[in-house]
Each structure stands twice: as structure tokens, then as C-alpha cells.
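Only one structure is covered here, and it is reproduced in the block below.
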Amino acid sequence: MPNPNKKWNLMIQASTRNGFFSESLHLYSSMISSNVHGDSFTFPFIAKACGKLGSILDGMKIHAHTILLGFQSNAFVQTSLLDMYSKCSCFADSRKLFDEMPQRNLVSWNSMIHAYSVLFDMPKALGLFNEMRSVGIRPSASTLVSIVSMLASKQCTSSVHSYGIKVGFGSDLRFLNAVMSAYVRLGLLKNARLLFDSIEKRSTVTWTVMIGGYMKAGDFNQVFNLFKTMLREGIELDSVALLGVLSACVLLGRLFAVCMVHSLLIKKCGFDGGQTIIASSLVNAYAKSNDTVSARRVFDSMPKKDVSLWTSMISVYVHVGCTVEALALSENLLATSVKPNKATISTILSACNDFGSLSIGEKVEEYAKANNLILDLQVCTSLIQMYCKCGNIERAKEIFERVPCKDLTLWSTMINGYACHGMGQEALSLFNKMQRENNGNIKPDAIVFTSVLLACNHCGMVNEGLKFFYSMRRDYGIEHSVEHYCCIVQLLGKNGDIDAAIKVVHEVPIEAQNRVWHCLLSVFRDHHENKLAEFASKGILEPKCKYSSEDYVLMANVWASLGKWKEASELRGLVDKRGLFKEPGWSRIESRDCFK
Numbered sequence: 032m033p034n035p036n037k038k039w040n041l042m043i044q045a046s047t048r049n050g051f052f053s054e055s056l057h058l059y060s061s062m063i064s065s066n067v068h069g070d071s072f073t074f075p076f077i078a079k080a081c082g083k084l085g086s087i088l089d090g091m092k093i094h095a096h097t098i099l100l101g102f103q104s105n106a107f108v109q110t111s112l113l114d115m116y117s118k119c120s121c122f123a124d125s126r127k128l129f130d131e132m133p134q135r136n137l138v139s140w141n142s143m144i145h146a147y148s149v150l151f152d153m154p155k156a157l158g159l160f161n162e163m164r165s166v167g168i169r170p171s172a173s174t175l176v177s178i179v180s181m182l183a184s185k186q187c188t189s190s191v192h193s194y195g196i197k198v199g200f201g202s203d204l205r206f207l208n209a210v211m212s213a214y215v216r217l218g219l220l221k222n223a224r225l226l227f228d229s230i231e232k233r234s235t236v237t238w239t240v241m242i243g244g245y246m247k248a249g250d251f252n253q254v255f256n257l258f259k260t261m262l263r264e265g266i267e268l269d270s271v272a273l274l275g276v277l278s279a280c281v282l283l284g285r286l287f288a289v290c291m292v293h294s295l296l297i298k299k300c301g302f303d304g305g306q307t308i309i310a311s312s313l314v315n316a317y318a319k320s321n322d323t324v325s326a327r328r329v330f331d332s333m334p335k336k337d338v339s340l341w342t343s344m345i346s347v348y349v350h351v352g353c354t355v356e357a358l359a360l361s362e363n364l365l366a367t368s369v370k371p372n373k374a375t376i377s378t379i380l381s382a383c384n385d386f387g388s389l390s391i392g393e394k395v396e397e398y399a400k401a402n403n404l405i406l407d408l409q410v411c412t413s414l415i416q417m418y419c420k421c422g423n424i425e426r427a428k429e430i431f432e433r434v435p436c437k438d439l440t441l442w443s444t445m446i447n448g449y450a451c452h453g454m455g456q457e458a459l460s461l462f463n464k465m466q467r468e469n470n471g472n473i474k475p476d477a478i479v480f481t482s483v484l485l486a487c488n489h490c491g492m493v494n495e496g497l498k499f500f501y502s503m504r505r506d507y508g509i510e511h512s513v514e515h516y517c518c519i520v521q522l523l524g525k526n527g528d529i530d531a532a533i534k535v536v537h538e539v540p541i542e543a544q545n546r547v548w549h550c551l552l553s554v555f556r557d558h559h560e561n562k563l564a565e566f567a568s569k570g571i572l573e574p575k576c577k578y579s580s581e582d583y584v585l586m587a588n589v590w591a592s593l594g595k596w597k598e599a600s601e602l603r604g605l606v607d608k609r610g611l612f613k614e615p616g617w618s619r620i621e622s623r624d625c626f627k
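Here the sequence shown stands for residues 32 to 627, numbered as in the working numbering.
Here it is as C-alpha cells:
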């Protein structure tokens, strides 16, 4: 008589192995409805399906069925249930089942040790490891791999490595790769490289681990050396290894290498526009190599674009200053079924800031409201910044006020908004409110103080500005940056306190004095203090200072205002002679459908 379980087992086995775990549970349900009960071949696959789905309720039902059918003594079935509980993060149930097992095989011990490795519970894992050896069960390579994944010191890693060699795993590639990964994780690259060089037959994983180690250490030359060796030796390349090399290309800005990796991804890994993770990496790699055309070509080649790919491409345009393209692409995204996340929204709003596009910013806010992102701190911060840059300070204030739990970045953004709009009293009031409401839990940083000093500068609040300037270092331990010096020098200069302003300039480190002299020179020129402007311009022309085209043009204007036309002409000539470029000013208006 044919076994009725065989047909069901074959179907359940096939669906589980192919990753159709919900289908496996459906088949098991149909099997029960047909009055056919599971056997020792059925339950391990069903338990695996429950573990992969994280369905603890279905797993407990399967466990109950095994008890009713008398499989408590079947080590194979019990081990599969133990593994299922671990996959569902029910580690206490895993250990309870393990302790109740009348018979345990090597796989049972390995499963329980692996569960503790997932928890990084080294004491319990080592306790089981020693217990299994005491009852005469010889560890396998899988046992040691689980142990190695938890090690947190060179001594322990070397000890397990030596033990593995002693018990016969000196040539087991999986074990050696795990030890090498542990060395890399601990930053012991010399030990990892020694082990790498000693392995005769390396797998792609071996190469990938070593490349990842050098990537982590920032040794990109070694990354490329290993990559070239892989190509020379004909090692099979996978997407993980190539993406690691691609990251090195990005950090080094090597466009030719990016193109080579791109071609290898197509040739070796079958990249044809179907893998968005790889596409996002390529887009970023081309962008960092200043090739936005190729980045857009990769983006356009993707038949299905996920939110990360859209975000990457929009971010590329924002980063290189192609704001029109960024906003046009943002409108295209909003017209699709892809839902932007908070990172996407922040990127789009950043483009709105640069371009002053209030209309698209308002659309993004409506989207955030409709998708329950309107109270997210990152989104709110971006919205406040956008409205401040686009001139709607009242709307920025409304958004700020409705956020229940504000972080430092949110406070800082609103303070900066007030400062940029010349609302000095409001900026200082908000700064004091931040300190008062949070009982000192939110400490101001250098960025907040820049906004506060900017507010004082715009409104001519000299006493308040000096108080905050000296309070930074004295009360908060924050060192003055060039931005802080520029704010206070401008504030003093506008107030006519020239001696104090010049005294502050001389406190600035010599390599940064150029920018501060520039600020002081602008003040003198604007207030027609020509003699003082001449004095400040000499400070900018210090030989140890580096200066830009803007510095030359500003100084030329000073000489011209003093009637020194020859000197002014010579300075303007130096801009061309030294290959400097003065970025032209521009203006724009936003019209309806300007991106279509």
C-alpha cells in the first residue's frame, strides 16, 4: 500500500526549499484536512517554514502535533523545533526543549550553541560547548563557527583557532573564514592577512572577508591590490566583493575603476537593472566621481525603482547643485506609486531650500501629513528649514510649536531661522527657552551658538553677543570657530568698536585669519571707513593666508573707493592670472509648471 505521506512530504519539501514558506503551511493544513498526519520527514520542513516566517503561533501548533503523535524522542524532529523557537527569538523555549530532549545529537547541540551566539551570550555558549565535550560528543566545524562569531578578544580567537587546528579543522574553509572574520571584526588585520595567505584554496567568501577588512581600515590600496589579484587568478566574483571594491572607488574618486566594476557587475553577476541595491551603489559611485550623466543613465535603466534608488538619485543632484533636476525628479517621484520615506522627504526639502521652491515644499508637507510622517523629527526639521529659507517664518514657527519632543537640531534650526530673518530678540528668547524647558538636558553646541551670534549681529546687540561669545568656552567648553569669530568681528565693527574688533582678529589662528579680515573689510567698506578698509585689506594680503577671487574683488573695490585705480586694476588682473573664478550672481522666479 503506497505511503500517503510521501506525496505531501515531497510537495512541502519542494515549497520550503524554494522559499515559499506560507505555501508550505498551507500544504500542511490541506494535508491535515485530508486525514493524513505528518511524520518525521514532514515536521522538520514545516518547523523550518515557521521559523523563516517568524510565526511562533503556527510553530507552537506544530509542536503540539508532534507531542500528540509521539515524536518527543525523535532527535531530528525535536532539533528542528528547537531551531524554530530560536528563529522566532523564543530562546527560553529553545533551551527548555533542549533540556527536555531524551536524546541529543550533534545537530541539537550545535543549534542551541548557535542560538546563544545570536544572543552573544558567551558564558552559556561556552558552558554548552564544554558540556557537549564532557559527554563525549566531538564538536564539528559548525560548532566552532558559532563560538568564533562571539569572540571579543585576540587571545580567545587565537585559542579557538588553535583548538580547531588541533581537532582537525585546519583545512576547513568555513571554519577558517569564520576565524578570519573574527580577526577583521577585532581590527587585527595582520592576523587576518597571515591566515588569508596560509589558505591554499580560497573561496569567494575568503576574498570578500579580507577585502572588507581593508575597507573597514580605510586601506583602499590593498583593496585594489586584492581585487587585481582576484582578476588575475580568475577568482569567481560576486556582487558582495564588487560592491566592496565599488565603495573603495567612491572614496578614492576613481571614475575609471567605477566603470570597470560596473562592467564586471554586468558580465560576472548578471546585473541587468533588476537589483536596486547594486543600482543605488552605482549611482552614488558615479556621483562621487563627478559623473552625474552616468549616474542618471544607471537610474533610468532600472525598470523598477525603489525608494532608496529615487532617494540616491535626487540626493546626487542636490549634492552637485543641480537643483532644477533634483526638483523635477522629485515631482516625478511624487507622481508614482513609490512612497518616499523620511530620508527622501528630507532630501527633496533640501533641494527646495537651495532653489527656494515653496510650491514643491508645500506638496511634500501634504504628503508627510497623509503618510503619518508629519511629527517625525527629521521631517519637521527639514520642513522648518525649508519654510525659513523660502521666507515663511510663521509657518516654520507653527511646525516647530506642534512638535512635542524637540531635539537639539530642531531647536537649532528654528533659532537659525529667526536669526536669518533678522529677528534677534525672538532667536535669543527661543535659545533661553530651550535651556529653561529642558532643565539642562539639551546642551547647546557650536552650531546653535553660531545662530545666536548671527542673531546678535543682525540686530546690533553687542552686549548680548559678547556675553554669548565668551560664555561658549567658559561655561560650555566649546572652542571658537571661524564662523564665531566672523560674527563677533562684524558685530563689533558695525558698532564702531574698531579696536576690540581688531583685537579679536589677532586672537584667530593665522591660517584662518583671512576669512575674519574679509568680514572686517566688508564692514569698513559698507560704512565708508576707507582708511580702516585699507588697513584691513593689508591683513588679507598676509603671505601666510590663502585668499579667493572674492577677496581680490573686495580689495579691488576698496582701492577704487580710495581713488587708487592702478592698484585696483592690478588686483582684478590677479584673478585671471592665478586662474581664479568669480561665480556670477543669479536670480530666478518660480512659475507654474516650471519643471515640466
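Every residue, glycine too, gets a C-beta built ideally from N, C-alpha and C. As the structure is a prediction and not an experimental result, all values here were calculated from the model.
{"Item": "Helix, strand or coil at K474 according to DSSP, with G and I counted as helix", "Value": "coil"}
{"Item": "Which of helix, strand or coil DSSP assigns to G453", "Value": "coil"}
{"Item": "Burial state of P170, where buried means 16 or more other Cβ atoms lie within 10 Å", "Value": "buried"}
{"Item": "4-residue-minimum alpha helix (DSSP H) runs that sit fully inside the stretch 402-430, ordered along the chain", "Value": "408-420"}
{"Item": "Beta carbon of H68 nearer than 9 angstroms to that of N36", "Value": "yes"}
{"Item": "V395 versus K420 - alpha carbon distance", "Value": "15 angstroms"}
{"Item": "Cβ neighbour criterion (16 or more within 10 Å) applied to L41", "Value": "exposed"}
{"Item": "Euclidean distance between Cα positions of S60 and P435", "Value": "48 angstroms"}
{"Item": "Within 9 angstroms, strictly: CB atoms of E190 and H145", "Value": "Note on residue identity: the sequence assigns Ser, not Glu, to residue 190. Result no, Cβ atoms of S190 and H145 do not sit closer than 9 angstroms."}
{"Item": "Classification of T481 by the beta-carbon crowding that lies within 10 angstroms, buried from 16 upward", "Value": "buried"}
{"Item": "Contacting residues, own chain, Cβ-Cβ under 7 angstroms from Y516 (five flanking each side not counted)", "Value": "V535, V539, V547"}
{"Item": "Best match in R327, L485, C119, S270 for proximity to C81 [C-alpha to C-alpha]", "Value": "C119"}
{"Item": "A310 vs V329 beta-carbon contact at 9 angstroms", "Value": "yes"}
{"Item": "Alpha-carbon spacing of H293 relative to A183, whole angstroms", "Value": "37 angstroms"}
{"Item": "Where N364 sits in the DSSP three-state scheme", "Value": "In the sequence as displayed, the identity of residue 364 is Leu instead of Asn. Three-state result, L364: helix."}
{"Item": "7 angstroms Cβ shell around L273 - same chain, five flanking residues per side excluded", "Value": "V292, L295, L296, C300"}
{"Item": "CB contact flag (F102, N136, <9 angstroms)", "Value": "no"}
{"Item": "Exposed unless 16 or more other CB atoms sit within 10 angstroms - verdict on R467", "Value": "exposed"}
{"Item": "Cβ neighbour criterion (16 or more within 10 Å) applied to F260", "Value": "In the sequence under discussion, the amino acid at residue 260 is Thr, which differs from the Phe named in the question. That one is exposed."}
{"Item": "Limits of the alpha helix (DSSP H) - the one that S502 falls within", "Value": "493-507"}
{"Item": "Spatial neighbours of M32 in its chain, beta-carbon cut-off 7 angstroms, leaving aside the 5 residues before and after", "Value": "Residue placement at M32 is poorly supported in this model, since its pLDDT is 47, which falls under 50; the coordinates still yield a value, given next. Once the five neighbours on either side are set aside, M32 has no close Cβ partner at all."}
{"Item": "Cutoff 6 angstroms; reference S55; Cβ partners in own chain excluding five residues on either side", "Value": "I43, S46, T47, A80"}
{"Item": "Candidates S234, K232, G199, Q186, of which the one nearest Y214 by Cα", "Value": "Q186"}
{"Item": "Alpha-carbon to alpha-carbon, F72 and K92", "Value": "17 angstroms"}
{"Item": "Neighbourhood of Q109 by C-beta, 6 angstroms cutoff - its chain only, sequence neighbours within 5 removed", "Value": "M132"}
{"Item": "Inter-residue spacing [alpha-carbon to alpha-carbon] between L84 and N252", "Value": "42 angstroms"}
{"Item": "Q466 in three-state terms, based on DSSP", "Value": "helix"}
{"Item": "Per-residue DSSP class, three states only, for E510", "Value": "coil"}
{"Item": "Straight-line gap, F51 to T354 (C-alpha atoms, nearest Å)", "Value": "44 angstroms"}
{"Item": "Cα-Cα separation, G448 to L389", "Value": "16 angstroms"}
{"Item": "Proximity winner among F386, C383, C411, relative to K373 (alpha-carbon distances)", "Value": "C411"}
{"Item": "Same chain only: Cβ atoms within 8 angstroms of T375, ignoring 5 sequence neighbours per side", "Value": "V338, W341, T342, I345, L364"}
{"Item": "Straight-line gap, N256 to Y147 (C-alpha atoms, nearest Å)", "Value": "38 angstroms"}
{"Item": "Short CB-CB distance (under 9 angstroms) between K597 and chain C", "Value": "Among the chains in the structure shown there is no chain C, since it carries only a single protein chain."}
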